[in-house]
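Chains as they are written, first to last, in my numbering: chain G, 36 to 145; chain Y, 14 to 127.
Where is the CB? At the ideal position from N, CA and C, for every residue including glycine.
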Amino acid sequence: QKEVEQDPGPLSVPEGAIVSLNCTYSNSAFQYFMWYRQYSRKGPELLMYTYSSGNKEDGRFTAQVDKSSKYISLFIRDSQPSDSATYLCAMRRTGNQFYFGTGTSLTVIP
Amino acid sequence: DAEITQSPRHKITETGRQVTLACHQTWNHNNMFWYRQDLGHGLRLIHYSYGVHDTNKGEVSDGYSVSRSNTEDLPLTLESAASSQTSVYFCASSESGPMNTEAFFGQGTRLTVV
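Shown next, in the form of structure tokens:
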């Protein structure tokens, strides 16, 4: 079993929809939770991060962490065609290594 | 501005040849990582380094090697390229310490082994 599981999609939504992206994990030692966005033929870029449990909001994006359920989510409100990308969750324990999900491919249709 | 660059961006090589992919970062980060990205597998860790002369094997290290002779560079060598190593390769770097929440990625190298 992989330490981080993510539904690869693909996910296709109309412009303006609310998007929910999710990851589950098995290692309770993970403390740092991140979402990366990767446009086609580009490297991943950090979108948001949260430490431990709770919510974090940044504009149209909200990251949620539920450590009791080992479940993290990224919500995108009022989705735009420019949000079309692959979204990867990532996690880290106290060490320096990152553990990535497989990524979910999102297409926002105008 | 600090950055991380990979070269070449695209490479076609023949089975059995030795290939080296370059990664150079100007962030002065101690941590550097090599990943490969394949459909259905996401990012898989090949090798990583936490400092000069430090190297460690990742999840899919067979057939690959790295060396770290300075802070800025972590070249990835495919000793004898195989078709199974056709992939997109990403280099990344990050700070050390508990608050290194961000890994900075290069643009990727698309390698085709024929």
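(request) Please classify G:Q115: does DSSP put it in a helix, a strand, or coil? (result) coil
(message) Could you give the first and the last residue of the continuous beta strand (DSSP E) run that contains Y:H42?
(response) Y:H42 -> no beta strand (DSSP E), and no H or E assigned at all.
(message) One question on the structure: do G:Y158 and G:K105 come within less than 9 angstroms of each other, judged by their Cβ atoms?
(response) Chain G is shown from 36 up to 145; residue 158 of chain G falls before or after that span and cannot be answered.
(message) I'd like the list of long-range same chain contacts for Y:F118, defined as Cβ closer than 6 angstroms, with 5 residues on each side in sequence excluded.
(response) F103 and A105
(request) Tell me, to the nearest whole angstrom, how far the beta carbon of G:F133 is from that of G:I107; I am working on the premise that it is less than 8 angstroms. (result) About 14 angstroms; that fails the 8 angstroms criterion.
(message) Can you tell me whether G:Y122 is buried or exposed? The criterion is at least 16 other CB atoms within 10 Å of its CB, across all chains shown.
(response) buried
(message) Going by DSSP in three states, Y:Q19 sits in which element: helix, strand or coil?
(response) strand
(message) If you reduce the DSSP assignment to three classes, tell me which class Y:S93 lands in.
(response) coil
(message) Does the CB of Y:H37 have a neighbour CB from chain G at under 9 angstroms?
(response) no
(request) Let me know if Y:N43 comes out buried or exposed under the rule of 16 or more other beta-carbons within 10 Å of its beta-carbon. (result) buried
(request) Please confirm whether Y:Q98 and Y:L124 have their CB atoms less than 9 angstroms apart. (result) yes
(message) Please report the straight-line C-alpha distance between G:D101 and G:L56, rounded to a whole angstrom.
(response) 14 angstroms
(request) For chain G, find out if any of its Cβ atoms is closer than 9 angstroms to the Cβ of Y:E115; answer yes or no. (result) yes
(message) For Y:H60, would you say it is in contact with chain G, using Cβ-to-Cβ distances shorter than 9 angstroms as the test?
(response) no
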